[in-house]
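Mapping to my numbering: the sequence shown position 212 is 213, numbers consecutive. Beta carbons: idealized from backbone N, C-alpha and C, even for Gly. Computed from a predicted model, the values in this text were never measured in an experiment. What follows is a short report on a single structure.
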Amino acid sequence: MGEREKIVVAMSGGVDSSVAALVLKRQGADVSGAYMKNWINEDGVVGRCPWMEDIEDARRVAEQIGIPFQVVNLMRDYREKVVQYLLDGYERGLTPNPDAMCNREIKFGAFRSWARGQGFAAVATGHYARGAVGADGAAEVHEAADRNKDQTYFLALLGQDQIRDARFPIGDLEKPEVRRIAREAGLATAGKRDSQGICFIGEVRMGDFLRAYVPDRPGAIVRAADGAEVGRHRGLHFFTLGQRRGIGVPSNTANEKYVVVGKRAADNALLVAFDHPSAPGLFQSEVRVHSVCWNGAHTPGPCALEGRVRYRDPRVPLTLVPGDGATALVRFESPQRALAAGQVLALYEGSRLLGGAVFA
């Protein structure tokens, strides 16, 4: 009998990572659980940050399964690599993606480094994704069996070394099946609702989080069509391309609503227009990207792929034309709505996640 693979499960205190640990234990792996202590809301941001409750839930599940459990303090790494990235991005007028950055820098970054130092061969999570080994022996990531819950989009910035050490035990299960397994095993998290907040920060609204760290910088709300000022905003960082709610300016036109179509840094203006396909800047067929990364071998020249421009959106056909360094030009077969600078483009070949990039 071969040596059992030694795996640590990143247990968040939720049902998905709980079942991930249980599945691995039933498969005969040498499993341990660990909670990543990334944020404890020391600054009193408005919202619920139930980290102590999550730790206790994860600990109870580990005891029920019969695996060792510990808490790993990654607060400094998280603040430096995720929170600072988030705040810097919004201050620069971007729309960052903290979940994708958390996966790259924390779960499969700092936490993976800690795990390797402790002798673990792999890190498992409760992501809805499937791992595989390609014909060339390289690790691959594929979409989950439950396409409605698929989370490969948030794994788009991982490299080959990171996915090689990643395990996704629930990727072949659909969410109702995960709940059923948890209930039948009597796990403490079987009925716990899924977290809806910022990655590891808790149930905190992004606006409240930004309000605590980024000063207001009021400016004009300008109608893109004619340059007329139609209102005032508190700060460009509260808005993103394609946003319809919270603009605070009535259109005064029947059956029409304003949508954000741009942020003009030169005069701190928020640009709006009626929400039509013809709205200036709202739809794009070509866009430049940077920070292009691949999780395996790839074609060096222009290539026809599919891309997901945001979580839960369907894959769409595109052509990627490499540029200098880690940049590229992306041409979509059909115009795409609200491609906000700073957001992630996930790249696919069929169900296989190939990598990703960031909209410029």
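Under the three-state DSSP convention, the category Val47 falls into: With a pLDDT of only 46 at Val47, under 50, the local geometry of the prediction cannot be trusted, and the value read off the model is given with reservation. Coil, per DSSP.
In whole angstroms, what is the alpha-carbon distance linking Ala229 and Phe275? 13 Å
Does the Cβ-Cβ distance between Leu272 and Val262 come in under 8 Å? yes
Run through DSSP, which three-state label would Thr320 get? strand
Pick out whichever of His234, Ala35, Glu257, Tyr154 has its Cα sitting closest to the Cα of Gly308. Tyr154
CA-CA distance, Ser252 and Ala221? 15 Å
Quick check on Val134: buried or exposed, where buried means 16 or more other Cβ atoms within 10 Å of its Cβ? exposed
Can you round the beta-carbon distance between Val179 and Val16 to whole angstroms, since I take them to be within the 8 Å contact cut? 6 Å
Taking Cβ positions, are Val32 and Lys26 nearer each other than 8 Å? yes
Measuring CB atoms only, is the region 87-95 touching the region 205-215, in the sense that at least three cross pairs come out at less than 8 Å? yes
Classify Met2 as helix, strand or coil using the three-state DSSP reduction. With a pLDDT of only 47 at Met2, under the threshold of 50, the placement of this residue in the model should not be trusted, and no figure is reported.
Does DSSP put Pro336 in a helix, a strand or coil? strand
Which first and last residues belong to the beta strand (DSSP E) in which Gln71 is found? 70-74
Which value, in whole angstroms, describes the spacing of the CA atoms of Leu319 and Gly356? 14 Å
So Asp147 and Lys193 are supposed to be a Cβ contact under 8 Å. How far apart are they, rounded? No, Asp147 and Lys193 are not in contact; Cβ-Cβ is about 18 Å, not under 8 Å.
Quick one: using the 10 Å Cβ neighbour count with 16 as the cut-off for buried, is Pro170 buried or exposed? buried
By DSSP's criteria, Ile8 is part of a beta bridge. Which residues make up the other side? Val32, Ala123
Is Phe275 helix, strand or coil by DSSP? strand
Taking the DSSP output, what are the residues bridged to Tyr349? Glu307, Leu354
Where does Glu52 fall in DSSP's three states? What sits at residue 52 in the sequence shown is Trp, not Glu. Three-state DSSP puts Trp52 in a helix.
Whole-angstrom distance between Val317 and Glu334, CA atom to CA atom: 8 Å
Is Lys108 helix, strand or coil when you go by DSSP? helix
By a C-beta neighbour count over all protein chains shown, 10 Å radius and 16 as the cutoff for buried, is Ser286 buried or exposed? exposed
Tell me which same chain residues have a C-beta within less than 8 Å of the C-beta of Pro215, skipping the five on either side of it? Just to set this straight, residue 215 is Val in the shown sequence, not Pro. Within the same chain, Val215 has close Cβ partners Leu88, Tyr91, Glu92, Gly236, His238.
Using only the alpha-carbon positions, how far apart do Ile107 and Asn98 sit? 14 Å
In the DSSP assignment, what are the bridge partners of Phe284? Arg338
Leu330 bridges to which residues according to DSSP? Arg289, Val322
If you follow the beta strand (DSSP E) that Tyr154 is in, where does it begin and where does it stop? No beta strand (DSSP E) contains Tyr154, which DSSP labels as neither H nor E.
Give me the residue from Glu141, Arg245, Arg61, Asn149 with the minimum Cα distance to Gly160. Glu141
Looking at the structure shown, is Tyr312 part of a helix, part of a strand, or coil, going by DSSP? coil
Classify Ala189 as helix, strand or coil using the three-state DSSP reduction. coil
Going by DSSP in three states, Glu144 sits in which element: helix, strand or coil? strand
Nearest residue (CA-CA) to Gln28, options Ala35, Ile8, Ala63, Tyr36: Ile8
Taking DSSP as the reference, what is the three-state secondary structure of His128? coil
Arg212, enclosing alpha helix (DSSP H) - first and last residue: 207-214
Closest to Val345 by CA distance: which of Thr300, Leu95, Ser196 is it? Leu95
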